[in-house]
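If you read the protein sequences in the order shown, they are chains X and H. Note that my numbering gives residue 266 to position 61 of the first sequence, counting from 1, and the numbers run on in steps of one. Note that my numbering gives residue 277 to position 72 of the second sequence, counting from 1, and the numbers run on in steps of one. C-beta atoms are modelled at their ideal positions from N, C-alpha and C, and glycine is treated no differently. Computed from a prediction, not measured in an experiment: that's the story for all the values here.
2 protein chains.
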Amino acid sequence: MKFQAHINIMPKAELLDPQGKVVVKNLPNLGLKGVSDVRIGKHVTMELHADSEQEAHDKVELACSKLLANVIMESYDFVVEEV
Amino acid sequence: MKFQAHINIMPKAELLDPQGKVVVKNLPNLGLKGVSDVRIGKHVTMELHADSEQEAHDKVELACSKLLANVIMESYDFVVEEV
């Protein structure tokens with residue numbers, strides 16, 4: 206069975222996100238007012254083969270915790286769907 | 206009214222994503238087999254004030270096209286919700 210995972214990896218809420226702060230500071234220069242907070246993280250799409258949805262879920266969890274996310278500074282969530 | 210936008214910015218499908226290719230190549234070293242494709246982009250959350258959902262949508266569209274995404278190499282989609 207083939208699955209697709211959509212993973213969001215974001216800087217933890219209690220940490221500063223300097224890249225996002227720069228965006229907030231510069232949007233008024235584009236004539237865009239009213240933006241109060243921006244946080245920038247990663248979005249990962251992954252295609253994988255697994256025997257069950259549970260196995261696909263476990264694989265994505267492993268990939269996130271061991272390789273894709275820095276769990277000290279980032280949190281992640283994902284959804285897995287069969288394709 | 207206060208809105209939150211969730212924006213995904215991904216490398217266009219017809220372009221190589223070298224960062225994703227490296228992840229695919231290295232996942233077997235973690236004992237994780239069966240992953241056939243990985244693409245890595247950005248996930249942005251934005252809080253903003255606007256008078257209507259349409260205005261919020263227009264603001265996020267402007268921020269994406271003028272600042273957040275490189276529209277030559279990246280495509281983006283987003284959802285806006287009132288909070």
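| query | result |
| --- | --- |
| Beta strand (DSSP E) segment containing Val-288 of chain H, residue limits | Per DSSP, Val-288 of chain H belongs to no beta strand (DSSP E) and is neither H nor E. |
| Leu-235 of chain X and Leu-272 of chain H closer than 9 Å at C-beta | yes |
| Sufficient close CB pairs (3 or more, under 8 Å) joining the stretch 248 to 257 of chain H to the stretch 253 to 263 of chain X | no |
| Unbroken beta strand (DSSP E) run spanning Pro-223 of chain X, endpoints | Note, Pro-223 of chain X: premise wrong, no beta strand (DSSP E); alpha helix (DSSP H) at 223 to 231. |
| At least three beta-carbon pairs within less than 8 Å, the stretch 237 to 246 of chain X to the stretch 238 to 245 of chain H | no |
| Leu-253 of chain H: first and last residue of the uninterrupted beta strand (DSSP E) it sits in | 240 to 254 |
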